[in-house]
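In my numbering, the protein residues as written are 151 to 450. Have a look at the structure below before the remarks.
What follows is the structure, given as structure tokens:
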């Protein structure tokens, strides 16, 4: 029976991952359509922690197969709420404990004669173990997942920065809370944040590959790490960094122009091409234009 339930559950997860739903919708679909296939048997069929961890592992394998989760990225982060920087997926071990505890509490609170009789004889016959007066131990909690994520040497760096006092956590995790990205894109972003992308530094010192050097393959000046590639490579500075800067500035430019009445309609940010000069009776906005001032110095 458990094999049939597990097979049905994994089939539903696979169907969801094959769709073109956004990331938030896919997680919601898994939590609300796939997981109830197995969770409605909690307290009826005997599921061990090992069984449930094995099924959770198979779900992660499916996520990796559909390019939605890097196999070396933080496992704990998958099960954290999206507002906390996680992916929002429900963990079967946690769900099993919550549902069996709630069902057990219901039977222990009831005054029905039949229920009282069941409590007296259920000495291990069901998974609820109603005759045992000691509550079952808590296997794992969401807070423990968060602590596990923070404790990782590499994965935990992003978690530490996210919870730092100078970072707006709500805005920083809004791409997760909104859930409007494709699931694959979201997984790739999380892999970068978890620093599991195979940079030379990671391959040489974490994966212990036999590399002659960990220097950046582009600039050859310093170690090739995620931090270096995203903000410190002199080879990428005049092109990729500048293009990234201009894309962000273009979003701000369009918003300002609409607010000041210089533009009447908005276009998607990736189609927007700022004009060098835009002006009306009250405002004038310049884009990528050199301005000569009394402090301008011209070097010969």
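For each residue, glycine too, the CB sits at the ideal point set by N, CA and C.
Note on the segment 242-320: whole alpha helix (DSSP H) runs with a minimum of 4 residues are 242-259, 263-271, 292-301, 305-312, in chain order.
Around the beta carbon of residue 192, 16 or more other beta carbons lie within 10 angstroms, which makes this residue buried. Note that the segment 278-293 touches the segment 239-254; at least 3 beta-carbon pairs, one per stretch, sit closer than 8 Å.
DSSP, reduced to helix, strand and coil, places residue 216 outside both helices and strands of the structure shown, so it counts as coil.
Counting every other CB atom within 10 Å of its CB across the protein chains shown gives residue 176 a total of 16 or more, marking it as buried. Annotation: residue 259 to residue 416 spans about 60 Å, alpha carbon to alpha carbon. Checking the DSSP bridge columns, you'll see residue 192 partnered with 195. Closest in C-alpha terms to residue 322, from the list 390, 377, 375, 236, comes 236. Taking a 10 Å sphere around the C-beta of residue 411, we find fewer than 16 other C-beta atoms and assign the residue as exposed. In this structure, residue 172 sits near residue 329, with a CB-CB distance shorter than 8 Å. Sorting 231, 344, 342 by C-alpha distance to the C-alpha of residue 295 places 231 at the top. Taking residue 308 as the centre and dropping the five residues before and after it, the same chain places the C-beta of 343 closer than 6 Å to its C-beta, in chain order.
The distance from the Cβ of residue 413 to that of residue 427 is about 13 Å, inconsistent with a contact at the 8 Å cut-off.
Under the three-state reduction of DSSP, residue 419 is assigned to coil, being neither helix nor strand.
Judged by their CB atoms, residue 155 and residue 188 are nearer to each other than the 8 Å cut-off.
Counting every other CB atom within 10 Å of its CB across the protein chains shown gives residue 311 a total below 16, marking it as exposed. A direct Cα-to-Cα measurement between residue 339 and residue 214 gives close to 14 Å. One Cα belongs to residue 241, the other to residue 357, and the distance between them is close to 29 Å. Distance between residue 197 and residue 319, taken at the CA atoms: about 37 Å. Nearest to residue 401 by C-alpha distance, out of 243, 387, 331, 422, is 422.
Within the DSSP bridge table, the entry for residue 163 names no partner. The three-state secondary structure of residue 346, taken from DSSP, is coil. When secondary structure is reduced to three states using DSSP, residue 436 falls in the strand class. The C-beta distance from residue 262 to residue 346 rounds to 53 Å, too long to fall under 8 Å, and the pair is not in contact.
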